[in-house]
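**Q** Sharing a structure, written as structure tokens. Questions coming.
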Amino acid sequence: MNRRYPSLLYVFRWAVFTLLVGVAVGSLLGLPLEGLCVGLVLVLLHWARQLHRAQRWIAEPSEEPPEGFGVWGQLFDGIYLLQRRNREDRQRLESALDYLQDSLASMRDAAVIVDRRHNIAWSNDSADFLLGIKFPEDRGQPVLNLIRQPKFHQYFELDAPDAPLRIDPTTEGERCLQFELSTFGEGDRLIFVRDVTQQYRLEQMRRDFVGNVSHELRTPLTVIKGYIDTLQNVPQFEEARFQRPLAQMNEQTVRMENLLKDLLWLSRIESAETLRKTALTDVAQLVGETVNELRAAYADRDIWLTVDSGALVLGDRQELHSAFSNLIINALKYSDADQPVDVRWLEHEGRAVFSVLDRGIGIAKRHLPRLTERFYRVDKSRSQRIGGTGLGLAIVKHVATSHQAELTIDSELGQGSEFALSFEIAAREADEVPIASGPISISS
Ligand code: ADP
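Heads up, the sequence shown is in this note's numbering, so the first residue is 5 and it goes up one at a time.
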């Protein structure tokens, strides 16, 4: 299809030539005007014929365009070229789509595409296996009728969920599924579902193992500690050469006791079902109690308290208490004895915020992302010297996650740190009418 075409000017020249021939022949016969008309009719007839062929070809496109003369040939070939490109693009898209569908269909993860009215448009074989969604039988069915878990319904309501949803099994033999949503096109959604039962079991085994070991170690440790206490008070061991090692042994057993206590607590709160915090908790009162306890334990330290909110949050009182006290104890541990620690409970931008500010050693920025990992310490020997277990912030982080609270850490090396937990407000002290919905009990 590589013809050379006459330009538009050339085509017009042909028309003009035909008209001139008409006029010339007409003049010879003494009828120049009629000759011009005949020439005009011939040009029009030619164009009408080409138009008719073009129309027929476009209505029933055959492989090759009709032969055309001049600009008509150009037009036919141009349309033909466009058609061919179009066909090739379509074929490419179709094969890409087939390829994509084949790969999605052969995946072990379930993939379900729903339209903007939440009806199923397509799903792969694994969707049948994991969710009981069959394609094409279930095409057009509302997806929320087929995936019935309330947690999935809540997740599906979110516009752009920033993290996948994991639904843990509630009965033995049930699968643990992880859902991920992405939106594309005009509000269509792709639901990816992965079977993470194996990962869930491993996590559970690890949790149980840590919990059991910590529990088993507590009894022998209590016995050892008891004997050390006794030996420290036996007159034969009053000498410094006995008292020094006994004091060290005592110190280490206390450290181990604290470690086991934190490990047990962490494994306990990990196994408590997450996001099932339904008790309205009066945090102002809880913060007051926690500060009073710590003022008694750290009598030589200044702990300033500001309470400027009567917000109640949905939570677990014991877990919140452990998070608050861990943060306050850290602030006391990592600042000098003459420096006060500020504890605040107030509201900021529609959320209730618990914060602890110290004027202590601070933390270099590079440590911040890893600070809440278990046993991560900036300065291991310092932390051990002052009785840290390395689990405090891991506990705080876990409590934050299970309460859908946000933990923020702001710190400047040598200047001090501020740790803040921001919560959704569920109700206010005055009314105690829950803003959040769901089953609620009051705990204070
Ligand atoms: P630890 O029991 O060692 O204090 P945490 O999990 O509570 O363990 O804290 C992890 C590490 O974070 C600590 O070892 C310490 O280096 C650092 N850290 C925590 N809180 C503070 C703080 N308020 N100021 C400075 N460093 C802190």
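For every residue, glycine included, the Cβ atom is placed at its ideal position computed from N, Cα and C.
Where DSSP assigns a beta bridge to residue 123, which residues make up the other side?
**A** 146
**Q** Rounding to the nearest angstrom, what Cα-Cα distance links residue 78 and residue 193 in this structure?
**A** 45 Å
**Q** What would DSSP say about residue 236, mapped onto helix, strand or coil?
**A** helix
**Q** Is residue 214 a contact residue of ligand 2, with contact defined as CB to any heavy atom under 7 Å?
**A** Looking for ligand 2 in the displayed structure turns up nothing; the ligands present are ligand 1.
**Q** Can you tell me which of 128, 307, 26 puts its alpha carbon nearest to the alpha carbon of residue 36?
**A** 26
**Q** Can you look up residue 352 in the DSSP assignment and give me helix, strand or coil?
**A** In the three-state scheme derived from DSSP, where H, G and I count as helix and E and B as strand, residue 352 is classed as strand.
**Q** Provide the residue span of the alpha helix (DSSP H) that contains residue 420, from first to last.
**A** Counting along the chain, residue 420 falls outside any alpha helix (DSSP H), though it belongs to the beta strand (DSSP E) covering 420 to 428.
**Q** Alpha carbon to alpha carbon, what distance is there between residue 216 and residue 201?
**A** 22 Å
**Q** Between the alpha carbons of residue 39 and residue 90, how many angstroms are there, rounded?
**A** 45 Å
**Q** Taking Cβ to Cβ, would you say residue 112 is nearer than 8 Å to residue 130?
**A** Their beta carbons are under 8 Å apart, which means residue 112 touches residue 130 by this criterion.
**Q** Using a 10 Å radius around the Cβ and a threshold of 16 neighbouring Cβ atoms, would you call residue 92 buried or exposed?
**A** exposed
**Q** Given the structure, does residue 421 come close to ligand 1, in the sense that its CB is under 7 Å from one of the ligand's heavy atoms?
**A** yes
**Q** Helix, strand or coil: which one does DSSP assign to residue 382?
**A** In this structure, residue 382 counts as coil in the three-state DSSP scheme.
**Q** Three or more C-beta pairs under 8 Å: does that hold for the stretch 330 to 342 against the stretch 354 to 364?
**A** Pairwise C-beta distances place the stretch 330 to 342 in contact with the stretch 354 to 364, as three or more of them are shorter than 8 Å.
**Q** Would you say residue 218 touches ligand 1, meaning its beta carbon is less than 7 Å from a heavy atom?
**A** Flag unset: Cβ of residue 218 not near ligand 1.
**Q** With residue 293 as the anchor, note down where its alpha helix (DSSP H) starts and where it stops.
**A** It spans 287 to 301 - the alpha helix (DSSP H) in which residue 293 sits, taken as one unbroken run.
**Q** Tell me which same chain residues have a C-beta within less than 8 Å of the C-beta of residue 7, skipping the five on either side of it?
**A** With a pLDDT of 49 at residue 7, under the threshold of 50, the modelled position of this residue cannot be trusted, and the question is left open.
**Q** Excluding the five sequence neighbours on either side, which residues of its own chain have a C-beta within less than 6 Å of the C-beta of residue 313, listed in chain order?
**A** Taken in chain order, the residues that qualify are 349, 350, 351, 356.
**Q** Let me confirm a value: residue 294 is counted as buried when at least 16 other C-beta atoms fall within 10 Å, else exposed. Which label applies?
**A** buried
**Q** Residue 69: buried (16+ other C-beta within 10 angstroms of its C-beta) or exposed?
**A** buried
**Q** Would you say the beta carbon of residue 171 is closer than 7 Å to some non-hydrogen atom of ligand 1?
**A** no
**Q** Out of 157, 209, 386, state which residue places its alpha-carbon closest to the alpha-carbon of residue 185.
**A** 157
**Q** Closest to residue 418 by C-alpha separation, out of 102, 338, 409, 183, would be which residue?
**A** 338
**Q** Have a look at 191, 198, 188, 180 and flag the residue whose alpha-carbon is nearest the alpha-carbon of residue 204.
**A** 180
**Q** Tell me the rounded alpha-carbon separation between residue 347 and residue 309.
**A** 5 Å
**Q** To which residues does DSSP link residue 186 through a beta bridge?
**A** 194
**Q** For ligand 1, any of its heavy atoms closer than 7 Å to the Cβ of residue 330?
**A** yes
**Q** Who pairs with residue 413 in a beta bridge, going by DSSP?
**A** 423
**Q** Please classify residue 162: does DSSP put it in a helix, a strand, or coil?
**A** coil
**Q** Please classify residue 198 as buried or exposed, where buried requires at least 16 other C-beta atoms within 10 Å of its C-beta.
**A** buried
**Q** What are the complete alpha helix (DSSP H) segments, minimum 4 residues, inside the stretch 295 to 343?
**A** For the stretch 295 to 343, the full-length alpha helix (DSSP H) segments reaching 4 residues or more read 321 to 337 along the chain.
**Q** For residue 125 versus residue 118, is the C-beta distance shorter than 8 Å?
**A** yes
**Q** Does the count of Cβ pairs from the stretch 370 to 384 and the stretch 244 to 260 closer than 8 Å reach three?
**A** Flag = no, the stretch 370 to 384 and the stretch 244 to 260 do not touch.
**Q** Measure the C-alpha to C-alpha separation of residue 238 and residue 400 and round it to an integer number of angstroms.
**A** 41 Å
**Q** Only counting the same chain, and skipping five residues up and downstream in sequence, which positions put a Cβ closer than 7 Å to that of residue 122?
**A** Cβ within range, chain order: 146, 147, 148.
**Q** For residue 284, name the three-state secondary structure that DSSP assigns.
**A** In this structure, residue 284 counts as strand in the three-state DSSP scheme.
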